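**Q** All residue numbers for the sequence shown refer to full-length UniProt numbering, where the first residue is 1 and numbers rise by one.
Ideal Cβ positions, reconstructed from N, Cα and C, are used throughout, including at glycine.
Keep in mind that this is a model prediction, so the values were computed, not measured.
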Amino acid sequence: MGTWTFPPRTISSRQAISILALFKHGGDPRVRALTAPILPSSSLGRALVNLSTNHYGLPKEKTSENGRVARAKVLTIDTMNPTVKNAKYAVRGPIVARAAELERELNEGMKKPFDEVIKANIGDAHAMGQQPITFFRQALAICSYPELLNDSTFPEDAKSRAYRILQSCGGNSMGSYSASQGIDSVRQDVARYIERRDGGVPSDPDNIFLTTGACDGIMTMLKLLVCGEGPTRTGIMIPIPHYPMYSATLVELAAVQVNYYLNEEKCWSVDISELKRALDEARHYCNPRALCIVNPGNPTSQVETRQCIEDVIRFAAKERLFLMADEVYQDNVYGHGCRFHSFKTVLFEMGPEYSNTMELVSFHSTSKGYMGECGFRGGYMEVINMDDEVKAELTKLLSVRLCSPVPGQALVDLVFNPPQPGEPSYDNFIKERTAILSALEEKAKLTEQVLNTVPGISCNPVQGAMFCFPRITIPEKAMIEATVSQQPDVFYCMKMLEEAGICVIPGSGFGQKEGTYHFRMTILPPIDKLQILLNKVKEFHQKFTQKYS
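1) Measuring alpha carbon to alpha carbon, tell me which residue in GLY379, HIS284, THR305 and THR300 is nearest ILE240.
2) Find the nearest neighbour of ILE95 within the set GLN546, GLY509, PHE363 and LYS536, judged by alpha-carbon distance.
3) For the stretch 261-333, list the beta strand (DSSP E) runs that are entirely contained and at least 3 residues long, ordered along the chain.
4) How many Å lie between PHE322 and TYR246 at the Cα?
5) Return the chain-ordered ranges of every alpha helix (DSSP H) run that is complete within the stretch 337-367 and spans a minimum of 4 residues.
6) Quick one: is GLY217 buried, meaning 16 or more other Cβ sit within 10 Å of its Cβ, or exposed?
7) Look up VAL383 in the DSSP assignment and say whether it is helix, strand or coil.
8) MET174 and VAL406: beta carbons closer than 8 Å?
9) Can you look up ASN460 in the DSSP assignment and give me helix, strand or coil?
10) Where does PRO470 sit, in a helix, a strand or coil, going by DSSP?
11) For GLN302, count the other beta carbons within 10 Å of its own beta carbon; 16 or more makes it buried, fewer makes it exposed. Which is it?
12) Could you give the residue range of the beta strand (DSSP E) that holds PHE209?
13) Could you tell me the distance, in whole angstroms, from the CA atom of VAL190 to the CA atom of VAL454?
14) Could you spell out where the alpha helix (DSSP H) holding PRO407 opens and where it closes?
15) Helix, strand or coil, according to DSSP, for LEU44 in the structure here?
16) Return yes when the Cβ of ILE118 is within less than 8 Å of the Cβ of CYS503, no when it is not.
17) Measuring CA to CA, which of ILE505, THR522 and LYS495 is closest to GLU539?
18) By DSSP, does GLY123 sit in helix, in strand, or in coil?
19) Applying the criterion that 16 or more other CB atoms from any shown protein chain within 10 Å of the CB defines a buried residue, is LYS318 buried or exposed?
20) Return helix, strand or coil for PHE519, following the three-state DSSP convention.
21) Round the Cβ separation of PRO424 and ASP157 to the nearest angstrom and send it over; I've been treating them as touching at under 8 Å.
22) Distance, Cα to Cα, ASN460 vs ILE523?
23) Buried or exposed: PRO506, going by 16 or more other Cβ atoms within 10 Å of its Cβ?
24) Closest to TYR334 by C-alpha separation, out of HIS364, SER362 and TYR370, would be which residue?
25) Express the C-alpha separation of ASN150 and VAL84 in angstroms, rounding to a whole number.
26) Do you know offhand how far GLY422's Cα is from PHE154's?
27) Check each candidate in GLU265, LYS443, ASN332 and TYR548 and name the one with the smallest Cα separation from residue 567.
28) Just list the residues that DSSP pairs ILE236 with in beta bridges.
29) Is ILE502 helix, strand or coil when you go by DSSP?
30) Please classify ALA36: does DSSP put it in a helix, a strand, or coil?
31) Helix, strand or coil for GLY511, going by three-state DSSP, please let me know.
32) Here's the rule: buried if 16 or more other CB atoms are within 10 angstroms of the residue's CB, otherwise exposed. What is ARG277?
33) Report yes or no: do the stretch 384-391 and the stretch 345-359 share at least 3 C-beta pairs separated by less than 8 Å?
34) Check for me: the alpha helix (DSSP H) holding CYS143 runs from which residue to which?
35) In three-state terms, what does DSSP make of ARG192?
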């Protein structure tokens with residue numbers, strides 16, 4: 001840049017900009033003395049004042065009503081991380097926000113066509129009225145307040161579990177940090193649980209990482225996998241429909257989302273030919289490196305067969321894909337003839353050709369199943385055949401956030417080391433667990449039956465998990481009205497909320513084949529409330545169809 005000459009001083013234009021910024025923000029007397037000959041009388045000074053300071057990395061300023069200069073925000077919607085803006089999470093999106101507004105309006109006495117908002121948008125069991133398992137809360141209470149070890153009203157097995165956990169905590173307190181990988185004794189108990197579940201297949205505690213729910217583990221693994229630029233940028237294969245945490249994380253990491261479509265006509269099962277199609281197409285524009293499978297499915301509730309899992313493992317091995325198995329709903333299986341098969345079990349049953357080489361990470365959580373303890377954010381992941389150097393990097397990455405919440409780790413221990421036969425809490429534990437899972441099975445069947453009686457709604461069997469994902473027919477007139485501002489299924493779900501007080505999530509938030517429309521609804525409400533919910537959905541759909549036909 002050149003220099004500008006003012007009697008009696010000569011300064012560069014960059015200096016002038018710096019002086020201007022200091023003068024406007026501070027009014028330092030020395031700066032005033034330096035700039036007196038040129039500001040504000042000279043035309044150049046006025047020009048400098050009018051320059052956009054934002055061009056030079058300084059925030060723009062605004063003048064308030066009282067004439068004072070107000071400093072503009074450094075972080076604005078225009079200057080924030082664009083990948084965060086581009087990420088979407090429909091489960092807590094605008095429909096859910098509007099549901100909260102409607103609840104406030106009802107509480108304030110405003111008249112609506114309904115008396116309450118029924119939130120069927122998220123798999124939060126306790127928020128829907130499910131009661132916690134007594135044993136878990138007793139042991140957690142002792143962990144939080146160790147004086148209860150001396151309280152005779154608490155059963156001895158709850159005390160012994162709590163004592164073991166506390167002995168593994170720094171200072172014998174749950175308020176201390178743990179090792180970044182998690183408390184050693186908890187990882188040992190998780191490994192023993194996995195061995196029992198998988199019929200004796202060995203599990204090494206060193207391969208167990210305790211996480212803040214399953215999502216934390218999934219996000220961490222995706223961070224490890226993503227690299228490259230342009231056509232070498234990492235692609236991650238995810239199912240469509242999918243849980244939107246996956247797509248949101250891929251956007252945040254600037255990874256490439258590779259969609260493969262589940263087969264709705266075959267109960268949302270994984271189709272190997274569809275995996276092949278998606279992979280072949282993606283290799284033209286990215287480097288697909290991982291395949292994500294959710295079993296049982298969310299939002300689609302399918303339970304994959306053992307043969308399907310074996311086919312997926314063969315496909316991933318042949319195509320050199322890292323396999324990620326999201327198995328958080330493994331306790332939630334209701335479909336006739338359905339059974340949960342862990343990917344690890346099938347992998348080892350396939351023999352050393354696969355079990356010694358196939359890279360696999362599986363995820364589990366305390367938020368789902370019969371536990372429903374979402375707020376404790378407990379979970380784990382188990383890595384199989386991971387490169388030792390990469391495992392060290394994984395530990396380093398986890399150490400950045402120090403450790404997962406220790407109360408959540410304590411709950412993980414209790415869930416995967418529950419009361420055993422002969423212990424004082426066993427009978428009541430089995431009674432409570434059985435009641436919860438039996439009620440979920442009943443609600444899964446009821447949901448499918450009622451929705452399939454409604455013309456224009458088609459619901460696959462709810463084989464597992466906590467949701468249904470019915471397909472809906474939207475009349476052409478409604479689609480024309482919706483396209484003005486929103487997608488047809490968003491229009492449909494917002495109408496359902498405003499007219500019936502039912503909060504569900506449009507299928508477009510999870511992905512769906514073009515020209516098809518769905519919504520996701522949880523089956524978690526108590527059976528009487530679920531019946532009301534289903535009847536309201538039925539009544540709304542009939543009115544909606546009649547209005548727009």
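**A** Taking the definition as stated:
1) THR300
2) GLY509
3) 287-294 and 322-326
4) 16 Å
5) 343-349 and 352-355
6) buried
7) strand
8) yes
9) coil
10) coil
11) buried
12) 208-212
13) 44 Å
14) 406-416
15) With a pLDDT of 45 at LEU44, under the threshold of 50, the predicted position of this residue should be treated as unreliable, though the coordinate-derived value follows. It is helical.
16) yes
17) LYS495
18) coil
19) exposed
20) strand
21) 6 Å
22) 14 Å
23) buried
24) TYR370
25) 50 Å
26) 16 Å
27) In this structure the chain extends from 1 to 549, so residue 567 is not present and cannot be described.
28) GLN257 and ALA290
29) strand
30) The pLDDT assigned to ALA36 is 46, lower than 50, so where the model puts this residue is not dependable, and the model offers no usable value.
31) coil
32) exposed
33) yes
34) 134-144
35) helix
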